[in-house]
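Trainee:
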Amino acid sequence: MEKQTNITILQLNDTHAYLEPHQEMFWESGTTIYRPAGGFAKIAGYLKQLRKEQKGVLALDCGDTFHGTYPAVASKGEVMVPVLNELSLAAMTAHWEFAYGPEQFRKLTAMLNYPMLAINVYEKATDKLVFAPYTLKEVNGLKIGIVGIACNIVDKTMPPHFSEGIYFTLGNEELPGYIQKLKQEEKVDLIVLISHLGFPQNMKLLSEVEGVNICLSSHTHYRTSKAVQQGQTIVIESGCHGSYLGRLDLTIQNCSISNYKHELVEVSDKIPDDAHMLELVQQAVRPYKQELSQKVGETATVLDRNNILESTMDNFLLQSMLHATGAELAFSNGWRYGAPIVTGSVTLNDLYNIIPMNPPIQTVELTGQELQDMLEENLEKTFSPDPYAQQGGFVKRCMSLRAFIKIEAPKGTRIQKLFVNDEELDLQRSYKASFVTEQGVPEKYGTNRSDSGIKAIEAMQQYLEKYSPVRADMLGTFTAV
0 MEKQTNITIL QLNDTHAYLE PHQEMFWESG TTIYRPAGGF AKIAGYLKQL
50 RKEQKGVLAL DCGDTFHGTY PAVASKGEVM VPVLNELSLA AMTAHWEFAY
100 GPEQFRKLTA MLNYPMLAIN VYEKATDKLV FAPYTLKEVN GLKIGIVGIA
150 CNIVDKTMPP HFSEGIYFTL GNEELPGYIQ KLKQEEKVDL IVLISHLGFP
200 QNMKLLSEVE GVNICLSSHT HYRTSKAVQQ GQTIVIESGC HGSYLGRLDL
250 TIQNCSISNY KHELVEVSDK IPDDAHMLEL VQQAVRPYKQ ELSQKVGETA
300 TVLDRNNILE STMDNFLLQS MLHATGAELA FSNGWRYGAP IVTGSVTLND
350 LYNIIPMNPP IQTVELTGQE LQDMLEENLE KTFSPDPYAQ QGGFVKRCMS
400 LRAFIKIEAP KGTRIQKLFV NDEELDLQRS YKASFVTEQG VPEKYGTNRS
450 DSGIKAIEAM QQYLEKYSPV RADMLGTFTA V
């Protein structure tokens, strides 16, 4: 092929089932501000207008799409299917989709009009791939190979039912073989990788493996305002919650990219809704709308999760857990998803956006040594200098402790000083902690685990009822020194 061809690739990633517009955090004029963004009616409006304006648009979804809001979780992802099928996507890969169990996810993928791709998800019984490794699409006369890598931590850090009967690899050993097959046997002009490993992980992968032209990264919610080049590969990641789309306009000549333009597109209220998609979204949320719209209290603090060391949103959750259990400490996972809640009214929908699974609050007895070991393990999974060893989200969310840490220190030595309720940690002492999910306190830590009899949503409702308008300020739980 010698002629010049233009195509456009549009990326969705980490939408977390945010069907409707929501508040989002933006950095502008040296500070953080909040305004509405996202919504699948606007995503469809942008995509359909783009397709009217030009031929050769390839839209791809990088996963974390079927989970993250109450309608999605309550329906085990099924409310998302009609909405997603309306977008004419070419392929997807996955992460939180496995929260409903592999069988339910297989059911969901069978309902889609595009394939789920993963070169790194296998059946335990047969070692066979669970999903197709790649798909082929012809766009403006170009033959494009699309390869998928699912998030590899599903069977390593997440609840066991997520990976029942299946296992995950990193995909780095498999990828070169598929690149070779696509080039030599399928004779593709371009290879696009949709990967849910995370941005640092994908950058390392692409430093080791040649032959990928475009990598659409996801999982880490990076907002790449400018495309990044790793060797000969163009890499982008486009935020989360459907607040952004990633757009790449490519000029292809002689099976290589001769020119490209990247845009991180804010899905703002300036984008008109697509009428049909708006109807589909309204149908999806209608069974839940009345209940979720209930006002449950007020907040005097913006509840936001966009901070790696500590967040006001999680401090509110942890305060509620301490109030419900009377424990000394509280822990939750450092989830990245969860749209901000601005000051003023708090609805039930807001609470489910904080923790859509509504898990039970448990208590456990931890020794000081276990507490320190657990935190060091989490800091390594967050800040390891080896991207492949980074297996978490943000730093574990904690309440009633203060840790002074050196982020750059070697594994197991990051904590310089650790205090519980302003007293220096006693390695021999036992501490009562409350937590949500096994990611909050992994099963190998602690004794006397017990169910408190209250779930996360109920605890937050009770806290709001007593203390509204609530405050959940930053406390300096982790301080980098």
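Per numbering that gives the first Met the number 0, the sequence shown starts with residue 0, numbered consecutively. The C-beta atom is built at its ideal place from N, Cα and C for all residues, glycine as well.
Just to confirm, is the Cβ distance from Glu23 to His240 under 8 Å?
Mentor: If you number the sequence shown from 1, residue 23 lands on position 24. If you number the sequence shown from 1, residue 240 lands on position 241. Result yes, Cβ atoms of Glu23 and His240 sit closer than 8 Å.
Trainee: Nearest CA to the CA of Gln53: which residue from Leu59, Tyr45 and Arg401?
Mentor: One-based indexing of the sequence shown puts residue 53 at position 54. For Gln53, the nearest C-alpha among the options comes from Tyr45.
Trainee: Spatial neighbours of Glu379 within its chain, please: C-beta separation below 6 Å, excluding the five flanking residues on both sides.
Mentor: The count along the sequence shown starts at 1 and reaches residue 379 at position 380. Here the set comprises Lys410.
Trainee: Going by DSSP, what residues sit across from Cys150 in a beta bridge?
Mentor: One-based indexing of the sequence shown puts residue 150 at position 151. In the DSSP output, where bridge partners are listed per residue, Cys150 has none listed.
Trainee: Grouping DSSP H, G and I as helix and E and B as strand, with all else coil, what is Glu423?
Mentor: Within the sequence shown, numbered from 1, the residue matching residue 423 stands at position 424. DSSP places Glu423 in strand when its eight states are reduced to three.
Trainee: In angstroms with no decimal places, state the Cα-to-Cα distance between Arg304 and Lys225.
Mentor: Residue 304 sits at position 305 when you count from the first residue of the sequence shown. Residue 225 sits at position 226 when you count from the first residue of the sequence shown. The alpha-carbon atoms of Arg304 and Lys225 are separated by roughly 23 Å.
Trainee: Quick one: what's got a C-beta closer than 8 Å to Glu77's C-beta in the same chain, skipping five residues either side?
Mentor: Position 78 of the sequence shown holds residue 77. Short of 8 Å from the beta carbon of Glu77, and not among the five residues preceding or following it, lie these beta carbons of its own chain, in chain order: Leu107 and Met110.
Trainee: Excluding sequence positions up to five away, which residues of its chain have a Cβ less than 6 Å from the Cβ of Leu277?
Mentor: Here the question's residue 277 lines up with position 278 in the sequence shown. Ala40, listed in sequence order.
Trainee: Taking the alpha-carbon positions, what's the Glu85 to Ala43 distance?
Mentor: Working through the sequence shown from its first residue, we reach residue 85 at position 86. Working through the sequence shown from its first residue, we reach residue 43 at position 44. Whole-angstrom Cα-Cα distance: 8 Å.
Trainee: Met24 lies in the beta strand (DSSP E); which residues open and close that run?
Mentor: For the purposes of this step, residue 24 is taken as residue 25 along the sequence shown, with counting starting at 1. His21 to Glu27 is the span of the beta strand (DSSP E), which, as asked, contains Met24.
Trainee: So if DSSP puts Ala432 in a beta bridge, which residue, or which two residues, is it bridged to?
Mentor: Indexing the sequence shown from 1 puts residue 432 at position 433. Leu328 and Val363.
Trainee: Indicate whether the contact test is met: 3 or more Cβ pairs, each with one atom in the segment 338-353 and one in the segment 294-309, closer than 8 Å.
Mentor: yes
Trainee: In terms of residues, what are the limits of the alpha helix (DSSP H) holding Thr108?
Mentor: The residue labelled residue 108 in the question sits at position 109 within the sequence shown. Element bounds for Thr108: Pro101 to Met110.
Trainee: Does Met0 come out as helix, strand or coil in the three-state DSSP assignment?
Mentor: Indexing the sequence shown from 1 puts residue 0 at position 1. Summary for Met0: the model assigns pLDDT 45, below 50, so the residue's position carries little reliability; its value from the coordinates is reported in the next sentence. Here Met0 sits in coil by DSSP.
Trainee: To the nearest angstrom, report how far apart Ser216 and Arg428 are at their CA atoms.
Mentor: Taking the first residue of the sequence shown as position 1, residue 216 is located at position 217. Taking the first residue of the sequence shown as position 1, residue 428 is located at position 429. When rounded, the distance between both Cα atoms is 44 Å.
Trainee: I'd like the ranges of any beta strand (DSSP E) spanning at least 3 consecutive residues and lying wholly in the segment 283-310.
Mentor: 294-298
Trainee: Measure the alpha-carbon distance for Tyr387 versus Glu464 and round it to whole angstroms.
Mentor: Taking the sequence shown and counting its residues from 1, one reaches residue 387 at position 388. Taking the sequence shown and counting its residues from 1, one reaches residue 464 at position 465. Roughly 43 Å separates the two Cα atoms.
Trainee: Between Glu290 and the rest of its own chain, which residues show a CB-CB distance below 8 Å, the 5 nearest in sequence each way excluded?
Mentor: As a first step, residue 290 is located in the sequence shown; it is residue number 291 there, counting from the start. Correct list, in chain order: Leu347.
Trainee: Tyr265 bridges to which residues according to DSSP?
Mentor: Taking the sequence shown and counting its residues from 1, one reaches residue 265 at position 266. Note that residue 265 is Glu in the sequence shown, not Tyr. Glu265 is bridged to Tyr243.
Trainee: Please determine, among His195, Gly67 and Thr68, the residue with the shortest C-alpha to C-alpha distance to Val120.
Mentor: For this step, residue 120 is matched to residue 121 along the sequence shown. Out of His195, Gly67 and Thr68, His195 has the C-alpha closest to the C-alpha of Val120.
Trainee: Please go through the same chain and pick out, in chain order, the residues whose beta-carbon is closer than 6 Å to the beta-carbon of Ile152, but skip the five residues on each side of it.
Mentor: Looking up residue 152 in the sequence shown gives position 153. Within the same chain, Gln390 come within 6 Å of Ile152 by CB-CB distance, once the 5 residues on both sides are set aside.
Trainee: Per DSSP, what kind of secondary structure is Leu11 in: helix, strand or coil?
Mentor: Along the sequence shown, one-based indexing puts residue 11 at 12. For Leu11, the secondary structure class from DSSP, reduced to helix, strand or coil, is strand.
Trainee: For Cys397, write down the residues that DSSP places opposite it in a beta bridge.
Mentor: Residue 397 sits at position 398 when you count from the first residue of the sequence shown. In DSSP, Cys397 forms a bridge with Phe330.
Trainee: Where do the N-terminal and C-terminal ends of the alpha helix (DSSP H) with Lys225 fall, by residue?
Mentor: For this step, residue 225 is matched to residue 226 along the sequence shown. Run containing Lys225: none; DSSP gives neither H nor E here.
Trainee: Taking the alpha-carbon of Pro271 as reference, which of Phe25, Tyr466 and Ala36 has the nearest alpha-carbon?
Mentor: Working through the sequence shown from its first residue, we reach residue 271 at position 272. With distances taken between Cα atoms, Pro271 lies closest to Ala36.
Trainee: Looking only at C-alpha atoms, which of Ser433, Gly55, Leu328 and Ser206 sits nearest to Ser449?
Mentor: Reading the sequence shown from its first residue, position 450 is the one you call residue 449. The residue with the shortest Cα to Cα distance from Ser449 is Ser433.
Trainee: With 16 as the cutoff for other CB atoms within 10 Å, does Met473 come out buried or exposed?
Mentor: By one-based count along the sequence shown, residue 473 stands at place 474. It is exposed - the Cβ of Met473 has fewer than 16 other Cβ atoms within 10 Å.
Trainee: For Lys180, does the three-state DSSP call read helix, strand or coil?
Mentor: For the purposes of this step, residue 180 is identified with residue 181 of the sequence shown, where counting begins at 1. The answer is helix: DSSP assigns Lys180 an H, G or I state.
Trainee: Considering only the beta carbon of each residue, do Thr14 and Asp63 sit closer than 8 Å?
Mentor: Mapped onto the sequence shown, residue 14 falls at position 15. Mapped onto the sequence shown, residue 63 falls at position 64. Yes, the Cβ-Cβ distance between Thr14 and Asp63 is below 8 Å.
Trainee: Out of curiosity, what's the CA-to-CA distance linking Glu140 and Ile193?
Mentor: Translated into positions along the sequence shown, residue 140 becomes position 141. Translated into positions along the sequence shown, residue 193 becomes position 194. Glu is not the amino acid found at residue 140; the sequence shown has Gly there. Taking the straight line from one Cα to the other gives about 21 Å.
Trainee: One question on the structure: do Phe393 and Ile307 come within less than 8 Å of each other, judged by their Cβ atoms?
Mentor: Indexing the sequence shown from 1 puts residue 393 at position 394. Indexing the sequence shown from 1 puts residue 307 at position 308. Yes, the pair counts as a contact, with Cβ atoms nearer than the cut-off.
Trainee: Along the chain, where does the beta strand (DSSP E) that runs through Ser216 open and close?
Mentor: Counted from its first residue, the sequence shown places residue 216 at position 217. Element bounds for Ser216: Ile213 to Ser216.
Trainee: Taking the alpha-carbon of Gly452 as reference, which of Thr381, Glu437 and Pro358 has the nearest alpha-carbon?
Mentor: Sequence index remark: in the sequence shown, residue 452 carries index 453 (1-based). Sorting Thr381, Glu437 and Pro358 by C-alpha distance to the C-alpha of Gly452 places Pro358 at the top.
Trainee: Is the beta carbon of Pro355 sitting closer than 8 Å to the one on Leu302?
Mentor: As a first step, residue 355 is located in the sequence shown; it is residue number 356 there, counting from the start. As a first step, residue 302 is located in the sequence shown; it is residue number 303 there, counting from the start. Not closer than 8 Å, so no.
Trainee: Which residue from Ala98, Leu57 and Ala131 puts its Cα closest to that of Pro74?
Mentor: Reading the sequence shown from its first residue, position 75 is the one you call residue 74. Here residue 74 turns out to be Ser, not Pro, going by the sequence shown. Comparing Cα-Cα distances from Ser74 to each of Ala98, Leu57 and Ala131, the minimum goes to Ala98.
Trainee: Please return the same chain residues whose Cβ sits closer than 8 Å to the Cβ of Tyr259, not counting the five positions on each side in sequence.
Mentor: Here the question's residue 259 lines up with position 260 in the sequence shown. Within the same chain, Tyr259 has close Cβ partners Ala226, Ile233, Leu247, Asp248, Leu249 and Thr250.
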